[in-house]
Amino acid sequence: MTPLAEPLLAWFDRHGRHDLPWQHPRSAYRVWLSEIMLQQTRVETVIDYFQRFVTQLPTLADLARADEDEVLALWSGLGYYRRARFLHRAALQCMREHDGELPRDFDALAALPGIGRSTAGAILAQAHGLRFPILDGNVKRVLTRLHGIHGHPGQRVVEKQLWTLAEQHTPHERLADYTQAIMDLGATLCTRSRPRCDDCPLQSRCVAHAEDLTDALPTPKPSRAIPTRHTLMLLLRDHERRVLLQRRGPEGVWSGLWSLPEAENETDALQKAKRLAEVDDAQTLTAFIHVFSHYRLEIRPLLFEAATAAKRIADNDDLRWCDPTQIQTLGLPAPVRKLLNDTWESDA
DNA sequence: AACTCGGGGCA
DNA sequence: TGCCCAGAGTT
Numbered sequence: 001m002t003p004l005a006e007p008l009l010a011w012f013d014r015h016g017r018h019d020l021p022w023q024h025p026r027s028a029y030r031v032w033l034s035e036i037m038l039q040q041t042r043v044e045t046v047i048d049y050f051q052r053f054v055t056q057l058p059t060l061a062d063l064a065r066a067d068e069d070e071v072l073a074l075w076s077g078l079g080y081y082r083r084a085r086f087l088h089r090a091a092l093q094c095m096r097e098h099d100g101e102l103p104r105d106f107d108a109l110a111a112l113p114g115i116g117r118s119t120a121g122a123i124l125a126q127a128h129g130l131r132f133p134i135l136d137g138n139v140k141r142v143l144t145r146l147h148g149i150h151g152h153p154g155q156r157v158v159e160k161q162l163w164t165l166a167e168q169h170t171p172h173e174r175l176a177d178y179t180q181a182i183m184d185l186g187a188t189l190c191t192r193s194r195p196r197c198d199d200c201p202l203q204s205r206c207v208a209h210a211e212d213l214t215d216a217l218p219t220p221k222p223s224r225a226i227p228t229r230h231t232l233m234l235l236l237r238d239h240e241r242r243v244l245l246q247r248r249g250p251e252g253v254w255s256g257l258w259s260l261p262e263a264e265n266e267t268d269a270l271q272k273a274k275r276l277a278e279v280d281d282a283q284t285l286t287a288f289i290h291v292f293s294h295y296r297l298e299i300r301p302l303l304f305e306a307a308t309a310a311k312r313i314a315d316n317d318d319l320r321w322c323d324p325t326q327i328q329t330l331g332l333p334a335p336v337r338k339l340l341n342d343t344w345e346s347d348a
């Protein structure tokens, strides 16, 4: 018995889940089916689907005989339908290559479609009491907190470390119960938000609890690359070095702030500029990127010199010719303010 | 070893 | 809408 397994199993005997449908009877077929259904899917969602499935197809041979359509119908609403096709194909493969049974050999089991390292371990431990570790979302959460491991568990180095720890904690007895116990701990106490540390049998050993890191661990998945949008900003300047500012609408980013008129492309830009002032062609300034929380904005400024001081349109609530002093008193987006400051500096 | 796939459920 | 959930397969 490992130092982790002892208190964990004692807790499991009193507070673990002992009435899940795939635990009675805990046959290899039923454990396999439950493990596949539980990939990326919550227990509460799976229970009804599991009952219906095993009622309809009670054995591996029944599954293998069924049409793929029938299997998919039983899966309907559960999502991630590739799992159902893998399940069916694996059953056929077991009939052909493994005498109609799920293999007890780890490599043969993990070679079946839809069964990876963790699922193979879960099946062998729960159905046959063999000593193999598992590493699902629950175990990752428990172990990152218990050992205070930073970094997203999806990262290779982190995951490798977690597998090593999972293997070290796995006891040599009561494998089925231990495997269920560590998942139950993650599912009922060591939850992502508001973990019930006061009831946890591992609290005294837990790094995250001692260092108040339970909210920070496991490290969340890094938000994926944000998209880049593009815009042209019209910098219209008259002979007195004033710049035309436009108030932004009530919707979207920078709502209500004073900014520069914008355009989607060169044609659009020239058209808009000519409506606003007497201009000729534009001078392209250096493009730059402004980063928001949810996207990057590439800003390409176009400088238009007004041919005369004459204005096509008068100042109003939403358009205003401003000199550098006035601009300091208005609310401008940071990148626009910087653009204007840089432009004046380089010209001065 | 990094990337893609995948759908329901919930904040 | 973004993120999480008893991960696996592909390149």
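With UniProt numbering, letter number 343 in the first sequence gets 343, and the count goes up by one each step, no holes.
Built from N, CA and C at the ideal position, the CB exists for glycine as well.
For clarity, every value in this text was computed on a predicted model and none was experimentally measured.
- Counting along the chain, V243 sits inside the beta strand (DSSP E) bounded by residues V243 to R247.
- Counting only runs that start and end inside the UniProt domain "HhH-GPD" (37-188), the alpha helix (DSSP H) elements of at least 4 residues fall at 43-56, 60-65, 68-75, 82-97, 106-110, 117-128, 137-147, 156-169 and 175-184.
- Shown here, A216 sits in coil according to DSSP, grouped into three states, outside any helix or strand.
- By the CB criterion at 9 Å, Q56 and P21 fall outside the cutoff.
- Sorting T228, L270 and P218 by C-alpha distance to the C-alpha of T284 places L270 at the top.
- A distance of 9 Å or more separates the beta carbons of R117 and A125.
- Note on geometry: alpha-carbon atoms of L340 and N265 lie some 21 Å from one another.
- By the criterion of at least three beta-carbon pairs nearer than 8 Å, the region 207-216 is in contact with the region 143-150.
- The region 157-169 and the region 135-142 touch, with three or more beta-carbon pairs separated by less than 8 Å.
- The C-alpha of D318 lies about 8 Å from the C-alpha of L245.
- In the DSSP secondary-structure assignment, E262 is bridged to M233.
- For L303, DSSP records a beta bridge to L235 and Q283.
- In this structure, the straight-line span from the alpha carbon of L9 to that of E298 is close to 56 Å.
- For a cut-off of 8 Å, the C-beta gap from Y29 to L60 is around 5 Å, short enough to register as a contact.
- Residue state for C197 is assigned as helix, using DSSP reduced to three classes.
- In terms of Cα proximity to G114, the closest of F86, G129 and A91 is F86.
- Contact between the region 328-345 and the region 228-245 is present: three or more C-beta pairs spanning the two stretches fall below 8 Å.
- For H169, the CB contacts under 7 Å within the same chain, skipping 5 residues up- and downstream, are T2, L4 and A5 in chain order.
- No Cβ-Cβ contact shorter than 9 Å links V46 with L74.
- According to the DSSP assignment, H15 belongs to the alpha helix (DSSP H) that extends over A5 to H15.
- Judged by beta-carbon spacing, A90 lies within the 9 Å limit of L112, meaning their Cβ atoms are closer than that value.
- Per DSSP, V291 is one residue of the beta strand (DSSP E) stretching across F288 to V291.
- DSSP places E211 in the coil class of the three-state scheme, outside both helix and strand.
- If you look at W321, you'll find it in the beta strand (DSSP E) that goes L319 to C322.
- The alpha-carbon of I149 is positioned some 8 Å away from that of V158.
- According to the DSSP secondary-structure assignment, L33 is paired through a beta bridge with no residue.
- DSSP lists no bridge partner for E345.
- For G16, the closest of T119, A181 and T228 by C-alpha to C-alpha distance is A181.
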